[in-house]
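Student: Following this message is one structure expressed as structure tokens.
Residue numbers (our numbering), protein chains in the order written: chain A, 223 to 423; chain B, 2 to 414.
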């Protein structure tokens, strides 16, 4: 009885060892860690991206307007798109819908968001109008994200800028309008000055 | 509708409290009465054959921790902090904060594109990402909107740790350092930012300073020893240790190097922090030191005077927790709690403190101090610095008031 027990234990142990020995982890030597740009060699994994591959994904719009496509829309065209595709969630004039309030200015251009129950909107909080194009093109309308044509996105942007009193009713909005617009909140944004240590910021 | 997912619906509050109260009552009855315990125990397990093992393990049917789903349209669930031990959150209980749901991504179709200010724009498959030298590290992840309900001198009392601060979890992550990938594509030395973009319906996008890549950023594909789960970014996500949850872009499909930030919606309109001087802090990535007592906490009720093992979590995005201090009298006096070793940087640290409750009302508080000397502030201190309505980064001191009847409610000072 005792002998069989020892025997089976020994078998089990040998089995474990042989599994360990045959495991493919034996050669786990990794290349030296790579430190900083230009350091180390290439691993040779991955392949060069084609221009089409990059173009298909690289549709972001920068704060300088880089990446804005060709196209334009009048505020009237835009309001039609806005009423058809956006108003149900954001309200007919950019307020009062079930989702984010998009329109509204604070009298005297105040910025009381840390002290009062003020609603942030495109007109009173957003530093760049380019963000509007970038975000709507990718993420709106929420029930069919990314479904608008570039012309329709220009229209939606025109409508929202108009509802925020940032362009006139007869405006035509294109890449130059969007990149050139200095939003009311542009200079409100400051870098993070928290840095640890005893001071509460 | 809130942006940061910090609203708690009345219904979920009540449901959570009722469930927790129910299990507390059962536990009490079992402990109090040995005969009843025997009656409920079922047949003697030493006298019947045991169950066969299964291909996948499962929790004991008696352990039913659950995430708390909130009504947010994009998707929000909270981790049941009060039900957990140690410092690792089981992956299926990790909090979620999505901006447009969880995408379904085929691993074979997955590609990570890295382009912009690089020598050679490249695409990597999932298999290729997994072949690079990997690192495994333990980090916390917290939504920067976590705990907004605590940013008040008169918060509601009937909230549990999960309801209050459940947008917090801790995991062991495995992935390839972003710096390895940046070296592979030949990142230009003058690139100062990169855009990280997800392939969810929100196309979540955040600008990240390149220094973070040269420091400790990861493209993570595994969590707690297994492939990342869909709701955590399967098959791969960006991980920025110690930085606000939103910037840790899930389902990451693209990194674009640049010499300026991109000013996306979720780093301007959202996840920027208005300040009382009429400015707003932008790119406020780091999570300041914070701590929370998870036991005893609402809706637990202390049965009577006696020994209570106070415990909870402390964490900081700036490195290691240096110490956690405990107060039993609403902040008048403080004593050091013990920290569970090892204390890892940018990871959850478990603290504990033995307390003999005399049955008198008490006000328990914890205060984290990190290795930079930062001390978790009071609500008053934070409101004085930022303003009472400032958004995000709610790391003020949390407290629980214990009544003479043993009931517990959330209370700050």
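Using N, Cα and C, we set each Cβ at its ideal position, and we do this for glycine too.
Keep in mind the model is a prediction, meaning the values are calculated, not measured.
#1: Would you mind reading off the limits of the beta strand (DSSP E) that contains residue 369 of chain B?
#2: What residue from A:293, A:335, A:286 has the CA that sits closest to residue 389 of chain B's CA?
#3: Rounded to whole angstroms, what is the Cα-Cα separation between residue 396 of chain B and residue 87 of chain B?
#4: Using a Cβ cut-off of 9 Å, which residues of the segment 361-376 of chain B contact any Cβ in chain A, in chain order?
#5: Do the segment 231-250 of chain B and the segment 95-115 of chain B meet, that is, are 3 or more Cβ pairs less than 8 Å apart?
#6: Given a limit of 9 Å on CB to CB distance, which residues of the segment 281-297 of chain B reach chain A?
#7: Can you name the start and end residues of the alpha helix (DSSP H) that residue 164 of chain B belongs to?
#8: Mind checking the segment 117-136 of chain B against chain A and listing, in chain order, the residues whose C-beta falls within less than 7 Å of any C-beta there?
#9: Can you list the beta strand (DSSP E) stretches of 3 or more residues lying completely in the segment 287-328 of chain B, in chain order?
#10: Which residues mark the beginning and the end of the alpha helix (DSSP H) in which residue 281 of chain A is found?
#11: When burial is assigned at 16 or more other CB atoms within 10 Å of the CB, is residue 313 of chain B buried or exposed?
#12: Under 7 Å, do residue 196 of chain B and residue 219 of chain B count as touching if we go by C-beta distance?
#13: Quick one: is residue 82 of chain B near chain A, going by C-beta distance under 7 Å?
#14: How would you call residue 138 of chain B, buried or exposed, if buried means at least 16 neighbouring beta carbons within 10 angstroms?
#15: In three-state DSSP terms, what is residue 417 of chain A?
#16: Which one or two residues does DSSP pair with residue 330 of chain B in a beta bridge?
#17: Is the segment 301-317 of chain A touching the segment 155-164 of chain B, taking contact as three or more C-beta pairs under 8 Å?
#18: Give me the subset of the segment 203-218 of chain B whose CB atoms are less than 8 Å from a CB atom of chain A, sorted by chain position.
#19: Residue 311 of chain B: which of B:293, B:324, B:155, B:379 sits nearest, CA to CA?
#20: Is residue 397 of chain A closer than 7 Å to residue 290 of chain A when the C-beta atoms are compared?
#21: Would you list, in sequence order, the uninterrupted beta strand (DSSP E) runs of no fewer than 3 residues that lie entirely inside the segment 348-401 of chain A?
#22: Residues in the same chain with beta-carbon distance under 6 Å from residue 84 of chain B, minus the five sequence neighbours each way, listed in chain order, please.
#23: Which one of B:111, B:225, B:173, B:244 has the shortest CA to CA distance from residue 416 of chain A?
#24: Does any residue of chain B have a CB that is nearer than 7 Å to the CB of residue 355 of chain A?
#25: Give, in chain order, every unbroken run of the alpha helix (DSSP H) that is at least 4 residues long and sits entirely within the segment 35-116 of chain B.
#26: Alpha carbons only, please: which of A:383, A:407, A:332 is nearest the one belonging to residue 300 of chain A?
#27: In the DSSP assignment, find the alpha helix (DSSP H) that holds residue 303 of chain A and state where it starts and stops.
#28: Use the C-beta contact count for residue 399 of chain B: other C-beta atoms within 10 angstroms, 16 or more gives buried, fewer gives exposed.
#29: Compare the Cα-Cα distances from residue 356 of chain A to each of B:205, B:116, B:146 and report the closest residue.
#30: Thinking C-beta only, is residue 258 of chain B closer than 7 Å to residue 188 of chain B?
#31: Measure the C-alpha to C-alpha separation of residue 376 of chain A and residue 134 of chain B and round it to an integer number of angstroms.
#32: Would you be able to state if there are at least three C-beta pairs under 8 Å between the segment 383-392 of chain A and the segment 358-366 of chain A?
#33: Among the residues of its own chain, which have a CB less than 6 Å from the CB of residue 403 of chain A, if the five just before and after it don't count?
#34: Is the Cβ of residue 263 of chain B closer than 7 Å to any Cβ of chain A?
#35: DSSP on residue 137 of chain B, reduced to helix/strand/coil?
#36: In the DSSP assignment, find the unbroken alpha helix (DSSP H) run with residue 341 of chain B in it and report its ends.
Tutor: Result, derived from the coordinates:
#1: Within the second chain, residue 369 of chain B is the residue found at index 368, counting from 1. Counting along the chain, the beta strand (DSSP E) containing residue 369 of chain B begins and ends at 363-371.
#2: In the second chain, residue 389 of chain B corresponds to position 388, counting from 1. For residue 389 of chain B, the nearest C-alpha among the options comes from A:335.
#3: In the second chain, counting from the first residue as 1, residue 396 of chain B sits at position 395. In the second chain, counting from the first residue as 1, residue 87 of chain B sits at position 86. In a straight line, the C-alpha of residue 396 of chain B is about 21 Å away from that of residue 87 of chain B.
#4: 371, 372, 373, 374, 375, 376
#5: yes
#6: 281, 282, 283, 284, 285, 286, 287, 289, 290
#7: Position 163 of the second chain, counted from the first residue, corresponds to residue 164 of chain B. In the DSSP annotation of this structure, the continuous segment of the alpha helix (DSSP H) that includes residue 164 of chain B starts and ends at 162-166.
#8: 121, 122, 123, 124, 125, 129, 132, 133, 134
#9: 291-296, 307-316, 322-328
#10: Indexing the first chain from 1 puts residue 281 of chain A at position 59. Premise fails: residue 281 of chain A is in no alpha helix (DSSP H) and is neither H nor E.
#11: The residue given as residue 313 of chain B occupies position 312 in the second chain. So residue 313 of chain B counts as buried.
#12: The residue given as residue 196 of chain B occupies position 195 in the second chain. The residue given as residue 219 of chain B occupies position 218 in the second chain. It is not a contact, given that the beta carbons lie outside the stated cut-off.
#13: If you number the second chain from 1, residue 82 of chain B lands on position 81. Chain A contact via Cβ: absent.
#14: By 1-based counting over the second chain, the position of residue 138 of chain B is 137. Residue 138 of chain B is buried by the Cβ-count criterion.
#15: Taking the first residue of the first chain as 1, we reach residue 417 of chain A at position 195. In the structure shown, residue 417 of chain A sits in coil (DSSP, three-state: anything other than H, G, I, E or B).
#16: Start at 1 with the first residue of the second chain, and residue 330 of chain B comes out as number 329. Looking at the DSSP assignment, residue 330 of chain B forms a beta bridge with B:364.
#17: no
#18: Of all residues in the segment 203-218 of chain B, only 203, 204, 206, 215 come within less than 8 Å of chain A when Cβ atoms are compared, listed by chain position.
#19: For the purposes of this step, residue 311 of chain B is taken as residue 310 along the second chain, with counting starting at 1. Measuring from the Cα of residue 311 of chain B, the nearest candidate turns out to be B:293.
#20: Taking the first residue of the first chain as position 1, residue 290 of chain A is located at position 68. Taking the first residue of the first chain as position 1, residue 397 of chain A is located at position 175. Yes. Within cutoff.
#21: 394-396
#22: For this step, residue 84 of chain B is matched to residue 83 along the second chain. So the qualifying residues of the chain are 66.
#23: For the purposes of this step, residue 416 of chain A is identified with residue 194 of the first chain, where counting begins at 1. Taking only the C-alpha atoms, the option nearest residue 416 of chain A is B:244.
#24: Position 133 of the first chain, counted from the first residue, corresponds to residue 355 of chain A. No, its Cβ sits nowhere closer than 7 Å to a Cβ of chain B.
#25: 35-41
#26: Counting from one through the first chain, the residue named residue 300 of chain A turns up at place 78. Selected option, being the one with the closest Cα: A:383.
#27: In the first chain, the residue the question calls residue 303 of chain A occupies position 81. That run of the alpha helix (DSSP H) goes 297-307.
#28: For the purposes of this step, residue 399 of chain B is identified with residue 398 of the second chain, where counting begins at 1. Answer is buried; the Cβ neighbour count reaches 16.
#29: If you number the first chain from 1, residue 356 of chain A lands on position 134. Among B:205, B:116, B:146, the Cα nearest to that of residue 356 of chain A belongs to B:205.
#30: If you number the second chain from 1, residue 188 of chain B lands on position 187. If you number the second chain from 1, residue 258 of chain B lands on position 257. Yes, they are a contact pair.
#31: Looking up residue 376 of chain A in the first chain gives position 154. Looking up residue 134 of chain B in the second chain gives position 133. One C-alpha to the other measures close to 45 Å.
#32: no
#33: Taking the first chain and counting its residues from 1, the one referred to as residue 403 of chain A is at position 181. Closer than 6 Å at Cβ, skipping near neighbours: 351.
#34: Taking the second chain and counting its residues from 1, one reaches residue 263 of chain B at position 262. Cβ-Cβ to chain A under 7 Å: yes for residue 263 of chain B.
#35: The residue labelled residue 137 of chain B in the question sits at position 136 within the second chain. Strand at residue 137 of chain B.
#36: The residue given as residue 341 of chain B occupies position 340 in the second chain. First-last for residue 341 of chain B: undefined, no H or E at that position.
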